[in-house]
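Enquirer:
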Amino acid sequence: MPKEKFLKFGGMKFKALVNPKEINTYVRSLSEDQRSSMFEVAKELENQGMIEFTGPLKSEVVDDSCL
Numbered sequence: 108m109p110k111e112k113f114l115k116f117g118g119m120k121f122k123a124l125v126n127p128k129e130i131n132t133y134v135r136s137l138s139e140d141q142r143s144s145m146f147e148v149a150k151e152l153e154n155q156g157m158i159e160f161t162g163p164l165k166s167e168v169v170d171d172s173c174l
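Counting in the numbering used here, the sequence shown runs from 108 upward without gaps.
Listed below in structure tokens is the structure:
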């Protein structure tokens, strides 16, 4: 079973469903605008089935997309 991890900003618990190399490759393929928000990247990874959130989603992270 994959070890739970936390996003550095936001404290969202998740586990990876694919290897880290696949996640990194996918994130690098996103546009700069898509990568500008850690929360948006995490939601995209979940939508693609690459990660699974294991705790409550905390979207209180303040970044440019919240302003």
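The beta carbon of each residue, even a glycine, is placed where N, CA and C say it ideally should be.
Assuming contact is defined by CB atoms lying nearer than 7 Å, are residue 120 and residue 161 in contact in what I supplied?
Expert: Numbered from 1 along the sequence shown, position 13 holds the residue referred to as residue 120. Numbered from 1 along the sequence shown, position 54 holds the residue referred to as residue 161. In this structure, residue 161 lies closer than 7 Å to residue 120 by Cβ.
Enquirer: From this set, 158, 152 and 159, which residue's C-alpha is nearest residue 136's C-alpha?
Expert: Taking the sequence shown and counting its residues from 1, the one referred to as residue 136 is at position 29. Residue 136 has its Cα closest to that of 152, out of 158, 152 and 159.
Enquirer: According to DSSP, residue 159 sits in a beta bridge with which residue or residues?
Expert: As a working note, residue 159 is residue 52 in the sequence shown. Answer by DSSP bridge pairing, in chain order: 122.
Enquirer: Between which residues of its own chain and residue 155 is the CB-CB distance below 8 Å, once the five residues before and five after are set aside?
Expert: As a working mapping, residue 155 is identified with position 48 in the sequence shown. For residue 155, where only same-chain residues beyond five positions count, the Cβ hits under 8 Å are 133.
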